[in-house]
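Following my numbering, the numbering of the sequence shown begins with 14 at its first residue and continues without gaps. Using N, Cα and C, we set each Cβ at its ideal position, and we do this for glycine too. Keep in mind the model is a prediction, meaning the values are calculated, not measured. Below is one structure, written out as structure tokens, with a few remarks after it.
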Amino acid sequence: MKPVKVYTLVFVFRENQVLLGMKQRGFGQDHYMGFGGKLELNETLYQCAVRELNEECGLIANSLTKLGVINFDYQGEEHIMEVHIYVTSDFDGVPVRSEEMDPKWFSVDNIPYDQMLRDSPYWFPKVLKNEKLNGFFEFDENKKIINHSFNDISGV
Numbered sequence: 014m015k016p017v018k019v020y021t022l023v024f025v026f027r028e029n030q031v032l033l034g035m036k037q038r039g040f041g042q043d044h045y046m047g048f049g050g051k052l053e054l055n056e057t058l059y060q061c062a063v064r065e066l067n068e069e070c071g072l073i074a075n076s077l078t079k080l081g082v083i084n085f086d087y088q089g090e091e092h093i094m095e096v097h098i099y100v101t102s103d104f105d106g107v108p109v110r111s112e113e114m115d116p117k118w119f120s121v122d123n124i125p126y127d128q129m130l131r132d133s134p135y136w137f138p139k140v141l142k143n144e145k146l147n148g149f150f151e152f153d154e155n156k157k158i159i160n161h162s163f164n165d166i167s168g169v
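The following block contains the structure:
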């Protein structure tokens with residue numbers, strides 16, 4: 014079994030819109046996604062989510078709600094990515110571009126799935142509905158999904 018690296022991912026909502034960032038470098042480059050990154054030493058998941066949101070788009074989260082976790086296993090990668098997903102509509106500031114992300118508001122009825130990672134259409138609709146998540150994705154060496162599953166944790 015591969016070792017796990019822990020990440021957070023935050024989605025910001027206002028009215029009928031969600032803020033997505035066009036990734037400028039690294040994993041997911043040239044795709045829209047939420048704001049997040051690796052958990053640092055002596056940092057809680059919540060602290061990581063708040064920090065990454067601020068670093069990547071300048072927003073300050075006043076509160077976050079955790080929706081769950083999705084594990085991503087890419088063949089050829091050394092680690093499984095354990096991604097803890099949060100949402101917020103309680104924030105201060107105005108989104109600004111950073112070296113890593115270029116933020117843009119989208120209507121929740123007009124999500125650019127064709128410009129997101131391949132797995133996004135499977136789980137992001139659940140985020141839009143504020144549903145709890147517990148999922149797993151496995152990818153081949155070409156980043157094609159070869160297996161995925163979700164556990165029902167709606168009653169949890």
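| query | result |
| --- | --- |
| Helix, strand or coil, according to DSSP, for Glu154 in the structure here? | coil |
| For Pro16, count the other beta carbons within 10 Å of its own beta carbon; 16 or more makes it buried, fewer makes it exposed. Which is it? | exposed |
| Helix, strand or coil for Arg64? Go by DSSP, reduced to three states. | helix |
| On the DSSP bridge assignment, give the partners of Glu95 in chain order. | Val19 and Asn84 |
| For a minimum of 3 consecutive residues, which ranges assigned as the beta strand (DSSP E) are wholly contained in the segment 89-145? | 93-101 and 114-120 |
| Please state whether DSSP places Leu54 in a helix, a strand or coil. | coil |
| Within 10 angstroms of its Cβ, does Val169 collect 16 or more other Cβ (buried), or is it exposed? | In this predicted model, Val169 has a pLDDT of only 49, less than 50, meaning its place in the structure is not dependable; the value taken from the coordinates is given anyway. Exposed, by the Cβ-count rule. |
| In the DSSP output, which residue or residues are listed as bridge partners for His34? | The sequence shown places Gly at residue 34, rather than the His named in the question. Gly34 pairs with Met46 and Pro116. |
| Out of curiosity, what's the CA-to-CA distance linking Gly148 and Val109? | 31 Å |
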